[in-house]
Amino acid sequence: MHDQMDIIIQLPSGTISAAQKENLVHARGVPYAHAKRFEPPQSIAPWEGVVDYTRPSTICPQAPSRLDMVTGPLAKGRAMDEDCTHLSIAAPIGGQNLPVMVFFHGGAYLTGGGDLDCYQGLELAARGVVVVSVTYRLGIFGYLQIPGIAPANLGLLDQIEALNWVKNNILSFGGDPSNVTLFGESAGADSIFCLMAAEGTEGLFHRAILQSAPIGRRYDKSAESLTLALSKVAEEKLQSLAAGSPSIEEMLSIQLQLLITAKKLGSRGMPFAPSFGQHPLPQISELDDVIRKRAKDIPVLISCTKDEGTPFAAMNDRAARFFTIPLLGRCIRWLVSWLITKKVFHSPSKHFQKQVLAAGGKCSSFYFRWAPPSSPWGAAHTIDLPFLLGSWSSWEDAPMLGGSKSRDVVERVGSHVKDVWVAFSKGVDLGSNTLIIDESFRSEHCIKEEKL
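The sequence shown begins at 795 in my numbering and counts up by one.
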């Protein structure tokens, strides 16, 4: 039983019920594709009757996130299943031709889910946009490549299928399919970078927001050899199991073994991730040319946090053993964090902005500097997310926020950050100067005479 009002929505494929929350409609778990294990996603078949999409849905099977140390356990207690190609949608009731914002979550292509409470876009939708949050296949289910068994880039193909669903269905929620902005953080931003280069995505989106994109990992020359090595190990592991389809638990066990193998082989990035040179992505040697061509017509907003590398430094086992050395350990930790921040995030993001501008495109940039006083994490990777998505209750246990004393700043500054992201989705030109987001940030700093 639930005491909320429901709204009936007619989609091209069938009828659904969604929740009414004040002046918004909120649907969760809406399927955009059907995907069998190790197979590309297929369009949803039409259905009869009214299907209830008012409750939280499943996310892709996964282990706990290594970033729980800063975000808290965001996926704790959530139902997991391979049937996870779902959308969460928030929209103003009665809207027409509204801008659409499609969110891709991060998590190193291993963790997360678009239907998590922390990624619901109700407060953005209240500003006059339709917000779609995408759940897609992860890890061994979405980014394992074994010739003849598992095609590459299934998770990326899920994302493309989600965008096709938006194109064909978002009118039913009052959205404009010709005005779609993608936004994503970390692996979600990396996904958008890949979607800008992918075959078959032309016309599916028109603006892009990349938050904390690990673009530096995209040019790692060892990625291809690592993929081949993991492919061989994975094939051996799967063949060693008893006849029949491995269980989800067995699949996650193989994934863990592959991650251990990747670490032994010196992997510094994301062992499970989109592979260039495999459908629908170009060869890595063609990447810059393809990005320049697409960026000319797709305005971009790119953002980074000041201390992206702090949680990753803590995960670096080689370096972490030196962190406890009196006096010197603190310096080593800072240096490792700074190097990761610079090499993986800041410098590649600046290069990407220059690429877009040189191609004749538009690119705005934001630098997220706020952090709680005395926080050991600083303005860490993911700290921007509570300012954009979810409610305070879905983020209040995140160690990076420093407890309830940060609530006022997160909600007050977050209101301005949301205004800016929505303004960008509505076509406002934010300029090409880098703007600082801290406790004094106001949307008026970059939205002058434009009206939201």
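Ideal Cβ positions, reconstructed from N, Cα and C, are used throughout, including at glycine.
Every value quoted in this text rests on a predicted model; they were computed, and no experiment measured them.
Option nearest residue i by Cα separation, candidates the options
| i | options | result |
| --- | --- | --- |
| T995 | A1002, A1017, G969 and L957 | L957 |
| I1092 | L998, V923, L1022 and N817 | L998 |
| C988 | S882, V960 and R1086 | R1086 |
| P850 | C1125, S1016 and G871 | G871 |
| H1175 | S1185, L1053, L1195 and A873 | L1195 |
| L1129 | P1142, A1108, V844 and R1236 | A1108 |
| C854 | K1199, S1187, A829 and D1178 | A829 |
| D952 | N963, I964, T929 and K1100 | T929 |
| L1052 | E1043, K1031 and F977 | K1031 |
| V960 | G1123, M863, S980 and S837 | S837 |
| Y847 | L965, D909, L892 and M895 | D909 |
| G1208 | S882, T905 and G915 | G915 |
| S927 | A1023, T1021, A884 and E1205 | A884 |
| R822 | P835, T852, L805 and P834 | T852 |
| I1095 | F977, V845 and L892 | The residue you asked about is not Ile; residue 1095 is Leu in the sequence shown. Taking only the C-alpha atoms, the option nearest L1095 is F977. |
Residue i classed as buried or exposed, judged by whether at least 16 other C-beta atoms fall within 10 angstroms
| i | result |
| --- | --- |
| L1050 | exposed |
| L1246 | Bear in mind that the predicted position of L1246 carries a pLDDT of just 33, short of 50, making it unreliable; the figure below should be weighed with that in mind. Label assigned to L1246: exposed. |
| I1230 | exposed |
| N1227 | exposed |
| N973 | buried |
| E1243 | Confidence in E1243 is poor, its pLDDT being 45 and thus under 50, which makes the residue's placement too unreliable to answer from. |
| G907 | buried |
| C1125 | exposed |
| A983 | buried |
| D1178 | buried |
| I1241 | buried |
| Y826 | buried |
| M1252 | This structure leaves residue 1252 out entirely; the chain is present only between 795 and 1246. |
| S1225 | Reading the sequence as shown, one finds Gly at residue 1225 and not Ser. G1225 should be labelled exposed. |
| S1025 | buried |
| S1198 | exposed |
| Q1147 | buried |
| T1118 | exposed |
| T1104 | buried |
| M795 | Confidence at M795 is low in this model, with a pLDDT of 44, below 50, so its placement is unreliable and the value that follows should be read with caution. It is exposed - the Cβ of M795 has fewer than 16 other Cβ atoms within 10 Å. |
| R1001 | buried |
| E1238 | exposed |
| I802 | exposed |
| I1003 | buried |
| P841 | Per the sequence shown, the amino acid found at residue 841 is Trp instead of Pro. So W841 ends up on the exposed side. |
| Y1013 | exposed |
| G969 | buried |
| K1057 | exposed |
Cross-strand partners of residue i (DSSP beta bridge)
| i | result |
| --- | --- |
| T975 | M895 and R1001 |
| L938 | DSSP output for L938 lists no bridge partner at all. |
| L1162 | Checking the displayed sequence, the identity of residue 1162 turns out to be Phe instead of Leu. DSSP output for F1162 lists T1099 and I1231 as bridge partner(s). |
| M799 | Q814 |
| I1092 | None; I1092 has no bridge partner. |
| P886 | L818 |
| H880 | P825 |
| S874 | First, the amino acid is wrong: residue 874 is Met here, not Ser. BP columns for M874 point to I853. |
| A1007 | For A1007, which the question treats as bridged, DSSP gives no partner whatsoever. |
| A1174 | D1101 |
Below-8 Å beta-carbon distance, residue i vs any chain D residue
| i | result |
| --- | --- |
| G968 | Absent from the structure: chain D. Only one protein chain is present. |
Check your understanding: So, do the segment 934-948 and the segment 807-820 have three or more beta carbon pairs nearer to each other than 8 Å?
Key -> The segment 807-820 and the segment 934-948 do not touch, with fewer than three beta-carbon pairs separated by less than 8 Å.
Review point. Three or more C-beta pairs closer than 8 Å, one from the segment 856-865 and one from the segment 901-914: is that the case here?
Key: The segment 856-865 vs the segment 901-914: in contact.
Check your understanding: Would the segment 1062-1073 and the segment 946-962 be scored as touching if the rule is three or more Cβ pairs under 8 Å?
Key -> Because the criterion of three Cβ pairs below 8 Å is met, the segment 1062-1073 and the segment 946-962 touch.
Practice item. Please specify which runs of the beta strand (DSSP E), each continuous and at least 3 residues long, are wholly inside the segment 802-861, giving them in chain order. Key: Taken in chain order, the complete beta strand (DSSP E) segments of 3 residues or longer contained in the segment 802-861 are 808-815, 818-825 and 844-846.
Review point. Counting Cβ pairs, one atom from each stretch, are 3 or more of them under 8 Å apart for the segment 1007-1018 and the segment 1138-1146?
Key: With contact defined as three or more Cβ pairs closer than 8 Å, the segment 1007-1018 and the segment 1138-1146 are in contact.
**Study point:** Unbroken stretches of the alpha helix (DSSP H), 4 residues or longer, contained in the segment 1109-1156
**Key:** Complete alpha helix (DSSP H) runs here, min 4: 1111-1114, 1122-1134 and 1141-1152.
Point to revise | Sufficient close CB pairs (3 or more, under 8 Å) joining the segment 1054-1066 to the segment 929-938 | key: Short answer: they touch.
Check your understanding: How do the segment 874-891 and the segment 812-820 stand: do at least 3 beta-carbon pairs fall below 8 Å, yes or no?
Key -> A contact between stretches requires three or more CB pairs, one per stretch, nearer than 8 Å, and the segment 874-891 meets this requirement with the segment 812-820.
Check your understanding: Are the segment 911-926 and the segment 1213-1224 in contact at 8 Å, needing three or more beta carbon pairs?
Key -> Touching, yes.
Check your understanding: Considering only residues of the segment 917-972, which uninterrupted beta strand (DSSP E) runs meet the minimum length of 3 residues and lie entirely inside it, listed in chain order?
Key -> Unbroken beta strand (DSSP E) stretches of 3 residues or longer found wholly inside the segment 917-972: 924-928, given in chain order.
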